[in-house]
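Comments concern the structure below.
Number of protein chains: 2
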Amino acid sequence: MTDREHLWLRLAVDLVILTVRDGQLQVLVIERANDPYQGRMALPGGFLRAGEDLRQAAERELVEETSLDGAVLHLEQLATYGAPDRDPRGRVVSVAYLAIAPDLPIPTAGSDASRACWAPVEDVRDDLAFDHNQILRDAVERARTRLEFTTLATVFCGPTFTVGDLRHVYEVVWDVTLDPRNFSRKVVQTPGFIEPTGTRRIPPTGRPAALYRRGSAEALHPPILRASPGTDG
Amino acid sequence: MTDREHLWLRLAVDLVILTVRDGQLQVLVIERANDPYQGRMALPGGFLRAGEDLRQAAERELVEETSLDGAVLHLEQLATYGAPDRDPRGRVVSVAYLAIAPDLPIPTAGSDASRACWAPVEDVRDDLAFDHNQILRDAVERARTRLEFTTLATVFCGPTFTVGDLRHVYEVVWDVTLDPRNFSRKVVQTPGFIEPTGTRRIPPTGRPAALYRRGSAEALHPPILRASPGTDG
DNA sequence: CCAATAGTGTCTGTGAGACAGTATCCG
DNA sequence: CGGATACTGTCTCACAGACACTATTGG
Chain R
1 MTDREHLWLR
11 LAVDLVILTV
21 RDGQLQVLVI
31 ERANDPYQGR
41 MALPGGFLRA
51 GEDLRQAAER
61 ELVEETSLDG
71 AVLHLEQLAT
81 YGAPDRDPRG
91 RVVSVAYLAI
101 APDLPIPTAG
111 SDASRACWAP
121 VEDVRDDLAF
131 DHNQILRDAV
141 ERARTRLEFT
151 TLATVFCGPT
161 FTVGDLRHVY
171 EVVWDVTLDP
181 RNFSRKVVQT
191 PGFIEPTGTR
201 RIPPTGRPAA
211 LYRRGSAEAL
221 HPPILRASPG
231 TDG
Chain Y
1 MTDREHLWLR
11 LAVDLVILTV
21 RDGQLQVLVI
31 ERANDPYQGR
41 MALPGGFLRA
51 GEDLRQAAER
61 ELVEETSLDG
71 AVLHLEQLAT
81 YGAPDRDPRG
91 RVVSVAYLAI
101 APDLPIPTAG
111 SDASRACWAP
121 VEDVRDDLAF
131 DHNQILRDAV
141 ERARTRLEFT
151 TLATVFCGPT
161 FTVGDLRHVY
171 EVVWDVTLDP
181 RNFSRKVVQT
191 PGFIEPTGTR
201 RIPPTGRPAA
211 LYRRGSAEAL
221 HPPILRASPG
231 TDG
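Those sequence lines, one after another, are chains R and Y.
Sequential numbering from 1 applies to the first sequence in UniProt numbering.
Sequential numbering from 1 applies to the second sequence in UniProt numbering.
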């Protein structure tokens with residue numbers, strides 16, 4: 001019964017990589033090639049290795065799956081999931097990380113045999129393996145909250161972007177429509193949120209928009225609060 | 001080298017139990033009786049057991065250390081700490097939980113040989129074993145944020161409390177002074193925050209104050225935002 | 001009466017939301 | 001010129017903070 005006091009287990013690190021593509025919030029998923037849940041969609045992840053920090057493991061998985069530099073991207077710990085029966089192979093506790101990426105040209109330059117692809121969150125939110133549906137739900141809610149209180153929305157965009165691009169991120173992630181004029185005033189007035197680059201982008205139609213880059217601020221004071229506290233299933 | 005792919009480790013669950021006592025934010029700490037960091041202060045915790053969920057383990061530790069029912073108290077997962085060298089005994093990853101308790105008469109009715117006691121956060125914030133200083137910092141910051149956006153402050157109080165008691169919680173946790181009149185209006189007007197019991201409490205001096213119990217709401221709309229974004233080390 | 005705490009009413013500045021109006025591109 | 005998008009100005013309402021004032025106890 002010393003086993004009760006000293007349970008040995010394996011620790012997995014799973015990734016929820018979110019982006020905004022084609023006007024939708026999308027998540028990077030893989031199709032499982034092996035044993036449990038074979039053929040099912042799942043979040044990318046892997047086991048923690050010796051000598052590795054949790055964040056290091058998350059960054060390593062991120063590179064393996066998307067060829068993205070985890071040290072540059074936004075990457076934050078989400079939560080840890082440890083229900084005894086969450087993995088049929090045995091006791092596996094999973095630390096989930098939330099990553100935010102701009103719209104990448106091709107997601108899967110990975111080396112793994114498993115195919116990786118972007119999928120709209122709405123399309124896969126109930127079809128993932130393990131307890132990944134719950135993890136994805138928690139990740140989306142975290143991202144929505146981060147948009148309220150931090151400058152995270154700029155990470156969804158590329159290195160330079162217009163105020164309209166930034167507004168588009170908010171509208172897609174929150175699933176709302178925002179007044180472009182009020183949003184512009186709000187964002188420009190918030191110190192450290194965005195910095196003008198001096199250049200402009202000429203759209204197919206309409207007046208050219210000023211291009212910005214992300215500012216130095218991390219937190220938003222005051223925050224951009226959502227009107228309704230998100231009551232969508 | 002299969003060891004690199006399948007690292008086995010032990011998972012600990014550590015608790016940050018906060019309360020407001022004697023006008024200070026205090027945390028429950030134990031004095032370590034055994035091997036690493038013997039005699040040093042540390043957060044209470046223990047290893048995950050077979051068949052146990054993470055939250056179950058946290059509730060079990062909570063009962064062992066404080067004889068409090070973890071199912072009733074506020075208990076939320078804080079974060080997971082997994083630096084390779086965080087525990088001299090070997091690879092141990094720790095899932096930290098944040099618990100909020102009202103001012104208890106005696107903290108240590110626990111069975112463990114280790115002595116448990118309340119200590120002001122300020123007094124122990126740099127003297128804890130392992131990486132518990134960092135965990136404590138994160139926990140306090142989480143609690144401060146929770147007070148802004150949830151009705152968590154009522155959990156610091158007993159089953160019934162006055163508006164002044166509730167204000168006292170905010171003032172101690174945030175380390176600020178609040179206008180009693182504005183605070184009262186704000187709290188009473190927020191639907192679901194507090195419910196009148198119809199009874200009153202007679203203080204040593206002054207007008208009797210109405211007693212309330214916690215309301216049904218969990219989230220605060222709108223939130224009670226701190227003025228300054230906490231720049232204390 | 002005074003001291004002390006509880007609670008109400010009022011003013012003011014700030015910011016969000018609504019929306020008219022102006023600016024600048026393409027065709 | 002019209003169509004479309006970017007951006008500015010103005011109004012209104014709600015709320016946070018400051019603070020005068022009233023209410024209710026004990027001594």
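Backbone N, C-alpha and C fix where the C-beta goes; we use that ideal spot for every residue, glycine too.
None of the values given here were measured: they were computed from a predicted structure.
- By the C-beta density criterion, residue 216 of chain R is exposed, having fewer than 16 other C-beta atoms within 10 angstroms.
- Interface annotation, residue 151 of chain R: not in contact with chain Y, CB-CB separation never under 8 Å.
- When DSSP states are grouped into helix, strand and coil, residue 169 of chain R belongs to the helix group.
- Remark: C-beta atoms of residue 176 of chain Y and residue 78 of chain Y do not approach each other more closely than 8 Å.
- Cα atoms of residue 6 of chain Y and residue 46 of chain R: separation of roughly 9 Å, rounded to the nearest angstrom.
- Under the DSSP assignment, residue 193 of chain R falls outside any beta strand (DSSP E); it carries neither an H nor an E label.
- For residue 139 of chain R, there is no enclosing beta strand (DSSP E); the residue is part of the alpha helix (DSSP H) that begins and ends at 132 to 149.
- Note on geometry: alpha-carbon atoms of residue 212 of chain Y and residue 163 of chain Y lie some 8 Å from one another.
- Counting only Cβ-Cβ distances below 8 Å, residue 11 of chain R has contacts in chain Y at 7, 9, 11, 82 and 93, in chain order.
- Counting the other CB atoms within 10 Å of its CB gives residue 11 of chain R a total of 16 or more, which places it among the buried residues.
- Distance from the Cα of residue 183 of chain Y is smallest, within the candidate group Y:197, Y:192, Y:168 and Y:173, for Y:168.
- Scanning Y:58, Y:122, Y:100 and Y:224 for the CA closest to the CA of residue 137 of chain Y turns up Y:122.
- Against chain Y, a Cβ distance below 7 Å from residue 52 of chain R picks out 84.
- Residue contact with chain R for residue 79 of chain Y: present (Cβ-Cβ distance below 8 Å to some residue of chain R).
- Residue nearest to residue 152 of chain R within the set R:128, R:74, R:129 and R:49 is R:74 (criterion: CA-CA distance).
- Where residue 28 of chain Y is concerned, the enclosing beta strand (DSSP E) starts and stops at 24 to 31.
- DSSP, read as helix, strand or coil, puts residue 120 of chain R in strand.
- Taking the Cβ atoms as the reference, residue 53 of chain Y lies roughly 41 Å from residue 158 of chain R, outside the contact range of under 8 Å.
- In terms of CA proximity to residue 18 of chain Y, Y:118 leads the group Y:51, Y:88 and Y:118.
- Look at residue 209 of chain Y here: in three-state DSSP terms it is strand.
- The alpha-carbon separation between residue 98 of chain Y and residue 88 of chain Y amounts to approximately 24 Å.
- If you look at residue 47 of chain R, you'll find it in the beta strand (DSSP E) that goes 45 to 47.
- In this structure, residue 80 of chain R sits near residue 93 of chain R, with a CB-CB distance shorter than 8 Å.
- Under the DSSP definition of a beta bridge, residue 19 of chain Y partners with Y:26.
- Shown here, residue 98 of chain Y sits in a strand according to DSSP, grouped into three states.
- A distance below 7 Å between beta-carbons, with the five flanking residues on each side excluded, links residue 227 of chain Y to no residue of its chain.
- Secondary structure of residue 154 of chain Y (DSSP, three-state): helix.
- Of the candidates Y:197, Y:38 and Y:223, Y:223 places its Cα closest to the Cα of residue 149 of chain Y.
- Residue 195 of chain Y and residue 86 of chain Y have their C-alpha atoms roughly 45 Å apart.
- Residue environment: residue 8 of chain R is assigned as exposed (fewer than 16 neighbouring CB atoms within 10 Å of its CB, all protein chains considered).
- Distance between residue 72 of chain R and residue 170 of chain R, taken at the CA atoms: about 22 Å.
- Sequence-distant partners of residue 21 of chain Y (beyond 5 residues in either direction) whose C-beta falls short of 7 Å from its own C-beta, in its chain, are 103 and 118.
- The beta carbon of residue 203 of chain Y is closer than 8 Å to those of 209 in its chain, skipping five residues each way along the sequence.
- For residue 13 of chain R, the secondary structure class from DSSP, reduced to helix, strand or coil, is strand.
- Only residues of its own chain outside the window of five on either side were considered, and among them 148 have a CB closer than 7 Å to the CB of residue 225 of chain R, listed in chain order.
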